[in-house]
Ligand SMILES: [Zn+2]
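Residue numbers (my numbering): 2 to 303.
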């Protein structure tokens, strides 16, 4: 794993076309050296390019990890998320609205304008102008899990075609990439089944969070498996919240696996240093644990 981490560390910024194309080359070389046939699933929409291993037309399990990377968020947004948690985005949003409301009650035009300018300005500057150079957790860690897992499965010929691995693009553009992927697969009559697992931001955190939208069958299966390992595992229904690529396939019961820390207000969970230049940590213990558990899962369902 160490060698792969070092290689990935050198190519953490995958934001523009040139960086993405270079990374696609790297992914393909990894797939070839593990003995896989691959395909690139393209769409004109935002120039999306997904890299996938070739599988049967109805694979038993599909793993997704987005390889594209994002811009940054101002540090105060992260503080709020630390307090409330990513798993309670609605609460975070309402608290922002409440803060804005309280500020407007001061009736002091200078304070109000200054506050709005700093809040809106810092978000705009971070999101539009500051491309994140450090992406070890989001989502180099997910890419690493998939690369290690596919390498293990490559050694088991009977499993190889029953599992599909997809490195997705444009998750950070409001999941546009995976929406397009679903459309392409529908057009082709590809049977993507009901075991789609997206792995996103698993490099730091001591709780395994399995999130889903409304349909909990797969998340329950995985929770049972992970509970045996000794990590804290939590299933969370995100309802209408588009959390990661799994959301594009929510009707199939698709899940997203994250590793998170408990938020300051108990009951929520947050992803540390997400969309920030401090996103430099991959805890190798998390990665090994996930690769072992997911390999076991694949063996039980294939
Ligand atoms: Zn992500």
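Glycine included, C-beta positions come from ideal geometry on N, C-alpha and C. No experiment lies behind these values; they were computed from the predicted model shown.
How should residue i be labelled, buried or exposed, when 16 other C-beta atoms within 10 angstroms of its C-beta is the threshold for buried?
{"i": "residue 7", "result": "exposed"}
{"i": "residue 175", "result": "exposed"}
{"i": "residue 57", "result": "exposed"}
{"i": "residue 52", "result": "buried"}
{"i": "residue 144", "result": "buried"}
{"i": "residue 75", "result": "buried"}
{"i": "residue 111", "result": "exposed"}
{"i": "residue 276", "result": "buried"}
{"i": "residue 89", "result": "buried"}
{"i": "residue 141", "result": "buried"}
{"i": "residue 60", "result": "buried"}
{"i": "residue 107", "result": "exposed"}
Looking only at its chain, what residues have a beta carbon closer than 6 Å to the beta carbon of residue i, apart from the 5 residues adjacent to it on each side?
{"i": "residue 64", "result": "147, 166 and 198"}
{"i": "residue 255", "result": "197 and 247"}
{"i": "residue 205", "result": "138, 273, 282 and 284"}
{"i": "residue 236", "result": "211, 220 and 224"}
Excluding the 5 residues flanking residue i on each side, which residues of the same chain have their C-beta closer than 7 Å to its C-beta?
{"i": "residue 191", "result": "58"}
{"i": "residue 15", "result": "21, 24, 68, 69 and 70"}
{"i": "residue 264", "result": "83, 84, 85, 86, 270 and 271"}
{"i": "residue 161", "result": "154 and 155"}
{"i": "residue 131", "result": "72 and 73"}
With which residues is residue i paired in a DSSP beta bridge?
{"i": "residue 62", "result": "164"}
{"i": "residue 112", "result": "Paired residue(s): none; residue 112 is not in a bridge."}
{"i": "residue 42", "result": "51"}
{"i": "residue 72", "result": "132"}
{"i": "residue 67", "result": "169"}
Ordered along the chain, which non-local residues of its own chain (more than five positions away) have a Cβ less than 8 Å from that of residue i?
{"i": "residue 2", "result": "145, 149, 285, 288 and 289"}
{"i": "residue 251", "result": "213, 214, 215 and 216"}
{"i": "residue 207", "result": "232, 233, 260 and 262"}
From the beta carbon of residue i, is the nearest beta carbon of chain D less than 9 Å away?
{"i": "residue 219", "result": "Any reference to chain D falls outside this structure, which holds one protein chain only."}
Query - Secondary structure, beta strand (DSSP E): runs of 3+ residues fully inside the stretch 231-277 - result: 233-238 and 256-263
Query raised in the report: Does the stretch 214-224 touch the stretch 154-173, meaning 3 or more C-beta pairs lie closer than 8 Å?
Result: no
Query raised in the report: Touch check for the stretch 134-141 and the stretch 269-285: three-plus C-beta pairs under 8 Å?
Result: yes
Query - 4-residue-minimum alpha helix (DSSP H) runs that sit fully inside the stretch 134-185, ordered along the chain - result: 143-155 and 158-161
Report task. May I ask you to verify whether the stretch 285-299 touches the stretch 233-253, counting CB pairs closer than 8 Å and requiring at least 3? Result -> no
Query raised in the report: What runs of the beta strand (DSSP E), each 3 residues or longer, lie entirely inside the stretch 180-223?
Result: 197-200 and 208-213
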